[in-house]
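Below: one structure, written as structure tokens.
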Amino acid sequence: MIDLLQYEFMRRALIAAVLVGLITPVIGTYLVQRRLALLGDGIGHVALTGVALGLLTGTSPLLTAAVVSMFGAILIEVVRVRTRTSGDVALALLFYGGIAGGVLLIGLTPGASNATLTGFLFGSVSTVSEEDLWIVALLALGVAAVVAVFGRELFVLCQDEEVARAHGLPVRFLSVLLAVTAALTVVIAMRVVGLLMVSALMIVPVVAAQQLTRSFRVTMSLAVVIGLLSSLGGLSTAFYVDLAPGATIVLLALAVFVVAVGVGGALRRASGHRAASTRPPVVTTAAGTMPESDPGRVSR
Amino acid sequence: MTIIFVFVIMGTVYAQIRDESVPPAFQALDARVSYDGVPVLDGVSVAIPAGETVAVLGPNGSGKSTLMRAMLGIMPLASGEIRVHGTPLSRFRDWRRIGYVPQRLTAGGAVPATVREIVASGQVAARRRLSLPTRADRAAVDEALATVGLTDLARASVRELSGGQQQRVLIARALAGRPDTFVMDEPMAGVDHENQRALARTITRLRDRGSTVVLVLHELGPLEDVIERSVVLESGRIVHDGAPPAPTGECARPGHEHQHPHPDPNDPDPRAAEPPSPADLMRLEVPGRD
Chain Z
1 MIDLLQYEFM
11 RRALIAAVLV
21 GLITPVIGTY
31 LVQRRLALLG
41 DGIGHVALTG
51 VALGLLTGTS
61 PLLTAAVVSM
71 FGAILIEVVR
81 VRTRTSGDVA
91 LALLFYGGIA
101 GGVLLIGLTP
111 GASNATLTGF
121 LFGSVSTVSE
131 EDLWIVALLA
141 LGVAAVVAVF
151 GRELFVLCQD
161 EEVARAHGLP
171 VRFLSVLLAV
181 TAALTVVIAM
191 RVVGLLMVSA
201 LMIVPVVAAQ
211 QLTRSFRVTM
221 SLAVVIGLLS
231 SLGGLSTAFY
241 VDLAPGATIV
251 LLALAVFVVA
261 VGVGGALRRA
271 SGHRAASTRP
281 PVVTTAAGTM
291 PESDPGRVSR
Chain L
1001 MTIIFVFVIM
1011 GTVYAQIRDE
1021 SVPPAFQALD
1031 ARVSYDGVPV
1041 LDGVSVAIPA
1051 GETVAVLGPN
1061 GSGKSTLMRA
1071 MLGIMPLASG
1081 EIRVHGTPLS
1091 RFRDWRRIGY
1101 VPQRLTAGGA
1111 VPATVREIVA
1121 SGQVAARRRL
1131 SLPTRADRAA
1141 VDEALATVGL
1151 TDLARASVRE
1161 LSGGQQQRVL
1171 IARALAGRPD
1181 TFVMDEPMAG
1191 VDHENQRALA
1201 RTITRLRDRG
1211 STVVLVLHEL
1221 GPLEDVIERS
1231 VVLESGRIVH
1241 DGAPPAPTGE
1251 CARPGHEHQH
1261 PHPDPNDPDP
1271 RAAEPPSPAD
1281 LMRLEVPGRD
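Put into structure tokens, the structure is as follows:
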């Protein structure tokens, strides 16, 4: 681990990996909850247009990607609400538009080709500059602030949009806020795992965590731990074995998922056996207003 | 002088009894809602005074759920007006007074959540952003869980519960914000017979506390004694408003326990438990439950 830190580029890469591992699963938890697991993918494709725009105009691709993907995120929400298209169709439309826009713009850029995009599509964490790192850190701070301030409302929104409305919550604002936050997260993770695999880091740690948990808060915390382990583990493995870092990170997260499925299944079977042998046949409650009537047990 | 004083006192008492000073909890004025040009609510005007327990009845597609959803702003009006506690819906801000129980088969989202987490989320309108739960907040959650008898399952994952238990989670969520105005969309759906009666007791208690309770129901069932007024809709119009309609035919038979089973794959058919008393009747364990 020490020799890893000897290199300036590796120090920057590790910091970026920590930020990505921390932030992506948090937003991913809300997206999975809202059944919009592919939102990150849709935004990732749109971000490609932003990257190409940055290269074409000579500004930081990270900044242009952030701006364009935020517009894309707002567009997805508008398309979803206004045209009564289902979420996945709205996403599909953006997938194609984003990729086509990116390829078109990169073709117009002198001295750049589709190969230039490869670094953004599949990640190039070792080329993270100091400026990139500052942008990533700032975006991560913004995402964390949104979750801290609006987390409770986002939970209700993602749980049940109709209930959120009946609570008087600003449903449209919160939907756009979540989409924009997801867009910023995509840009944060873009340099580390690449636009095509960004969504994996948002979703896979969450899906792995929920094999083992029963509460929302614990799921989110465990997802962050899994995200951190995958991004740091994947990056250092890639450094020593000379593998593609983005792909290594994602495959590591998927491996954790497979293990979690196995462990979760075993735990449930074990607790099922225990419950069957020790649980009293009737669940009596202290309050007694809705007692002793759970159907499907021997209740008399 | 004394006489005037007595009149003033009487007037005050009278106003309080009649609740004339208090605006209705909900008021619909010629409310119209349509889906794709097809009217679902066709000019409904109704006022629900604060403190009343009202059932909104009607066949499927009569617009009863739509009326409730329009009253909460979930469904936009094509024309007409909704007032909530005297304020036009668009300017209504006192959402902590409203407790809504949606019609759902499950209470959970795609990510696991504990019963307590879901119930506590019912306080979202009553709490400030960035605030930690106070002792009073936690006590309200405890009380809501106790009211529906889920205290022991507070730490369980919602998705592990039966349909009837999940319905109770949704009711507890509405209770947790300590609102005084409840809207419940078919709270009896998927709830077995005994829990329906327990729910009726809960609603009785809410009524005694002075809460307004609006229930969308298929039929009154065990709530018959709690309901003060029935509004019956048919094809988007009110066809009856007043005392609950008298049961007719088979339902009028003395001792008839009317219930409309909403099949829940996890619960045994409630009709199977119908002959209510025989103590020797044993309900068998359904494999794979819990």
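Line order of the protein sequences matches chains Z and L. Per the numbering used here, the very first residue in the first sequence carries number 1; after that it's consecutive. Per the numbering used here, the very first residue in the second sequence carries number 1001; after that it's consecutive. All residues carry an ideal CB built from backbone N, CA and C; glycine is no exception. All figures in this text were calculated on a predicted structure; none of them were measured in a lab.
- At a cut-off of 8 Å between beta carbons, L:Tyr-1035 makes no contact with chain Z.
- For Z:Thr-237, the enclosing alpha helix (DSSP H) has its first and last residue at 216 to 241.
- An exposed status is given to Z:Trp-134, since fewer than 16 other beta-carbon atoms sit within 10 Å of its beta-carbon.
- Taking C-alpha positions only, Z:Leu-94 is separated from Z:Arg-80 by approximately 12 Å.
- DSSP links L:Tyr-1035 through a beta bridge to L:Val-1038.
- Take L:Ala-1156, set aside five residues on each side of it, and the residues of its chain with a beta-carbon closer than 7 Å to its own are Thr-1114, Val-1115, in chain order.
- Per the C-alpha coordinates, the member of L:Gln-1166, L:Val-1044, L:Asp-1137 positioned closest to L:Thr-1066 is L:Val-1044.
- Chain order gives the chain L residues near Z:Leu-169 as Trp-1095, Val-1124, Ala-1125, where near means a beta carbon separation below 9 Å.
- Residue pairing by DSSP places L:Thr-1087 opposite L:Val-1084 in a beta bridge.
- A buried status is given to Z:Thr-219, since no fewer than 16 other beta-carbon atoms sit within 10 Å of its beta-carbon.
- Remark: C-beta atoms of L:Ala-1025 and L:Thr-1181 approach each other more closely than 8 Å.
- One alpha carbon belongs to Z:Ala-16, the other to L:Pro-1133, and they sit about 34 Å apart.
- Sorting Z:Val-171, Z:Leu-169, Z:Ile-203, Z:Pro-170 by C-alpha distance to the C-alpha of Z:Thr-185 places Z:Ile-203 at the top.
- Here the alpha carbons of L:Leu-1223 and L:Gly-1086 stand approximately 28 Å from one another.
- Annotation for L:His-1240: the continuous beta strand (DSSP E) segment containing it runs 1237 to 1242.
- Put simply, the CB of Z:Gln-159 is near chain L, with a gap under 8 Å to one of its CB atoms.
- Annotated three-state conformation of Z:Tyr-30 is helix, per DSSP.
- Assignment of Z:Thr-24 by DSSP, reduced to helix, strand and coil, places it in the helix class.
- Between the alpha carbons of Z:Val-128 and Z:Ala-247 lies a gap of roughly 17 Å.
- Here L:Leu-1206 carries a helix assignment [DSSP, helix/strand/coil].
- Excluding the 5 residues flanking it on each side, Z:Ala-164 has same chain C-beta neighbours closer than 6 Å at Val-156, Leu-157, Val-171, in chain order.
- In this structure, Z:Gly-262 keeps its C-beta atom at 8 Å or more from the C-beta atom of Z:Leu-212.
- In summary, Z:Phe-257 is buried, with 16 or more beta-carbon neighbours lying within 10 Å of its beta-carbon over all protein chains present.
- Annotated three-state conformation of L:Asp-1030 is strand, per DSSP.
- L:Gly-1099 has L:Phe-1182 as its beta-bridge partners, per DSSP.
- Contact check for L:Val-1033 against L:Leu-1089 fails: the beta carbons are separated by 8 Å or more.
- Contact between Z:Val-187 and Z:Ala-66 is confirmed by a C-beta separation of about 5 Å, below the 8 Å threshold.
- L:Val-1231 is bridged by DSSP to L:Val-1056, L:Asp-1241.
- Apart from the 5 residues on each side of it in sequence, Z:Gly-50 sits with its Cβ closer than 6 Å to the Cβ of Thr-64, Ala-65, Val-68, Ser-69 in its chain, given in chain order.
- Going by DSSP, Z:Thr-57 is part of the alpha helix (DSSP H) stretching over 39 to 57.
- For Z:Arg-214, the C-beta contacts it makes with chain L under 9 Å involve Pro-1112, Ala-1113, Thr-1114, Arg-1155, Ala-1156, Ser-1157, Val-1158, Arg-1159, Glu-1160, in order along the chain.
- Not a single C-beta of chain L is nearer than 8 Å to the C-beta of Z:Val-176.
- For Z:Glu-153, the nearest CB of chain L lies under 8 Å from its own CB, placing it at the interface with that chain.
- Counting along the chain, the unbroken alpha helix (DSSP H) around Z:Thr-64 starts and ends at 61 to 82.
- Rounded to whole angstroms, the gap between the alpha carbons of L:Ala-1120 and L:Arg-1173 is 7 Å.
- Z:Thr-29 and Z:Ala-183 have their C-alpha atoms spaced approximately 15 Å apart.
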